[in-house]
């Protein structure tokens, strides 16, 4: 049997297809404005990579910010639950998950593979990937490079602002004062790590700590976060896909509970997908 | 692809709750009619001092800007008022009720005090004076002061003694406070008599107080009935039925209405009929509701079987005044003072037992959580409201520490839809279900009753 998890995040859309043995394929691509079309495209791409057809998938769970825009999904589950399940599958001893996404940041407390508590930033972009995106734009650098560049600093600049807008202004001020880009980035990453740490501390950070999401791909951020936490953290080899992985695990569990009308469901799913083919 | 249209207002589960909107309309229509007839009209805060009952006993029709703010938000017509207040320099961190009202008042003034035609529910007419109150909230002082300046009308503020838990148990504290409050009320009546050029009709006041206490007693009985499992009524019912007891409890229609509410809820309790058909979780809500999106609670009920069994301490009536405090008191002002003091201090004993401060907004939840067998607390902190927010974080920690009851935090505003993220609320709630499951097991292991 085959199961799929699709995680439409604010920045990246991820898909994981698995069977009872483990992960078959995973894909990730930028989330655009048209979630429904993207959901269709990304699942088609993943199916092609796995050498499967749509009707071979037994159950699909959608998660993430755009989960309601996956018309062919059999169920929708919150990203908090999916991240927790995905990380627990990869690291059974996990106690604290810190997920740093494009628009939000979550701390999840786990015990025995089940959620015990969680905390999530509210409406502010500070403490999220969006903060780093704005800063990298301001500095004319690639988002994926700024973490490594920050590690070259041995004198992080003092950055007092964690508000994205104010921090952008402070970066310009520091540049005009002649502070190096490395030191500015180190200061910013340090400030961001401080903000994330203080938010997640509300649910008590305990070993093992796993960092996921786009933020986990930023070596500078992980370094400063680890410093604040005070002990080593774990990072999955593919930190972007844990939500989609959790969704695919839940798809497998839900499929086991699903009986009867399966054929009817498959027809419905196909109809929802081919809707876009007709438009193309 | 056809989208399922989301309903923003709540369908409510009680028939009486569906009918309660009548009272809000009655209040506003009553003040407009009085204004047209040249009779005195005033605007009042929710005062919990019965200053409004005294005002009505003097023949003044009242409307309530806080209620008007909630109404504007519920029909999603508050934003133009908020924008207009902000364009006049009012910060967006000021109370949503205040901003809505200041925006409305500015429009009213600029329209030569003719109510603008597009005012939700017909609008509020220009008042003769403003009745403010120092209880609960600090922002309200400045709000009504600014209204007074916009409209050039007098503002009377009923000061309220803010008694701490330890102070409550000190020797003459209560006696001194009651004495202070009675004196405040006498001065208020003198102000009204001077303003209207007529004397207080004490018999009229006593008659109104009698109806007031009867209405409150029924409202309290309804609160007690709500302890039943399954919950016979939920938060969205309460936020409707509270209009008569909070704003016009001295109105005989309100008393009749509450008798019907009581009968309906009692019937449901006796027949074990739950407000929602699939009650799986019982939650508390703290403190002030997102008036613009009450339909979200219907969705939580449908999706997860969550019944919001109790909510919003500040809007509930207190328990009836104990007999030894009531009987033998012949001065209606002393009766009012005693009842108001009781409202804000009746949970002082709970606060002392739990070694905590303050009583306001906090200690009552230590009782509610047990009485209503709550699995979780939905915290709705407001950027624009300090008193109902800092206490909420305190309640959150205490419920976990003392009762192993978790909470979920969804930021928002009472009126300002612009700062409420509905999707975020759904995501958090979905994940929170699992958290409640876990703590149910924890409570069971630790020997809690629920």
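Residue numbers (the numbering used here), protein chains in the order written: chain A, 1 to 280; chain B, 1001 to 1450. Every residue gets a Cβ at the ideal spot worked out from N, C-alpha and C, and that includes glycine.
Do we get a CB-CB distance below 8 Å when we pair residue 280 of chain A with the residues of chain B?
-> Any reading at residue 280 of chain A is ruled out, since the residue's pLDDT is 45, under 50, leaving its predicted position unreliable.
Are the C-beta atoms of residue 27 of chain A and some chain B residue less than 8 Å apart?
-> no
Give the single residue among A:62, A:166, A:13 whose Cα lies nearest to the Cα of residue 30 of chain A.
-> A:13
Residue 1414 of chain B by DSSP, collapsed to three states: which one?
-> coil
At what residue ranges does the segment 56 to 98 of chain A contain a whole run of the alpha helix (DSSP H), taking only runs of 4 or more?
-> 79 to 90
Residue 1360 of chain B (DSSP reduced to helix, strand or coil) | Look at residue 1360 of chain B here: in three-state DSSP terms it is coil, with no helix or strand label.
Using the C-alpha atoms, what's the distance from residue 104 of chain A back to residue 1211 of chain B?
-> 52 Å
Give the secondary structure of residue 1004 of chain B by DSSP, where H, G and I count as helix, E and B as strand, and everything else as coil.
-> No answer about residue 1004 of chain B holds up, because its pLDDT of 48 lies below 50 and its placement is not dependable.
Could you list which residues in chain A have their beta carbon closer than 7 Å to that of residue 1431 of chain B, in chain order?
-> 78, 80, 81, 115, 118
Spell out whether any CB of chain A is found under 8 Å from the CB atom of residue 1216 of chain B.
-> no
Residue 156 of chain A in three-state terms, based on DSSP = Secondary structure at residue 156 of chain A: coil, using DSSP grouped into helix, strand and coil.
CB contact check: residue 1293 of chain B to chain A, cutoff 8 Å | no
Cβ separation of residue 284 of chain A and residue 38 of chain A, assumed to be a contact under 8 Å, to the nearest whole Å = What is shown of chain A runs 1 to 280, which leaves residue 284 of chain A out entirely.
Take the Cβ of residue 1043 of chain B as the centre, count every other Cβ of all protein chains shown within 10 Å, and call the residue buried at 16 or more, exposed below.
-> Counting Cβ neighbours within 10 Å, residue 1043 of chain B comes out buried, since at least 16 surround it.
Euclidean distance between Cα positions of residue 1054 of chain B and residue 1067 of chain B = 19 Å
Residue ranges of each beta strand (DSSP E) within the segment 139 to 217 of chain A, 3 or longer = Qualifying beta strand (DSSP E) stretches, in chain order: 209 to 212.
Report yes or no: do three or more beta-carbon pairs, one from the segment 1257 to 1264 of chain B and one from the segment 1299 to 1310 of chain B, lie closer than 8 Å?
-> no
Starting from residue 1406 of chain B, find everything on chain A with Cβ-Cβ shorter than 7 Å and list it in chain order.
-> 117
Any C-beta of chain A under 8 Å from that of residue 1146 of chain B | Contacts with chain A at 8 Å (Cβ-Cβ) do not include residue 1146 of chain B.
Taking the alpha-carbon positions, what's the residue 1218 of chain B to residue 1252 of chain B distance?
-> 13 Å
Identify every residue that forms a DSSP beta bridge with residue 1281 of chain B.
-> B:1306
Could one say the Cβ of residue 1428 of chain B lies closer than 8 Å to chain A's Cβ atoms, at least one of them?
-> Answer yes: the Cβ-Cβ gap between residue 1428 of chain B and chain A drops below 8 Å somewhere.
Under the three-state DSSP convention, the category residue 1313 of chain B falls into | helix
Express the C-alpha separation of residue 1429 of chain B and residue 1144 of chain B in angstroms, rounding to a whole number.
-> 37 Å
Give the single residue among B:1101, B:1093, B:1203 whose Cα lies nearest to the Cα of residue 1080 of chain B.
-> B:1101
Look at the Cβ atom of residue 193 of chain A, then the Cβ atom of residue 150 of chain A, and state whether they are nearer than 8 Å.
-> no
Note down the Cα distance separating residue 63 of chain A from residue 19 of chain A, rounded to an integer number of angstroms.
-> 19 Å
Can you give the Cα-Cα distance for residue 1402 of chain B and residue 1311 of chain B, rounded to whole angstroms?
-> 19 Å
Output yes or no for whether 8 Å exceeds the beta carbon distance between residue 1339 of chain B and residue 1242 of chain B.
-> no
For residue 1265 of chain B, name the three-state secondary structure that DSSP assigns.
-> helix
Boundaries (first-last residue) of the alpha helix (DSSP H) holding residue 1162 of chain B = Note, residue 1162 of chain B: premise wrong, no alpha helix (DSSP H); not H, not E.
Close-in-space but distant-in-sequence residues of the same chain around residue 231 of chain A (CB under 7 Å, 5 per side omitted) = So the qualifying residues of the chain are 207.
Spatial distance of residue 1384 of chain B from residue 1236 of chain B (CA atoms) = 22 Å
Backbone CA spacing between residue 1290 of chain B and residue 49 of chain A [nearest angstrom] | 46 Å
Cβ atoms of residue 229 of chain A and residue 249 of chain A: under 8 Å apart, would you say?
-> no
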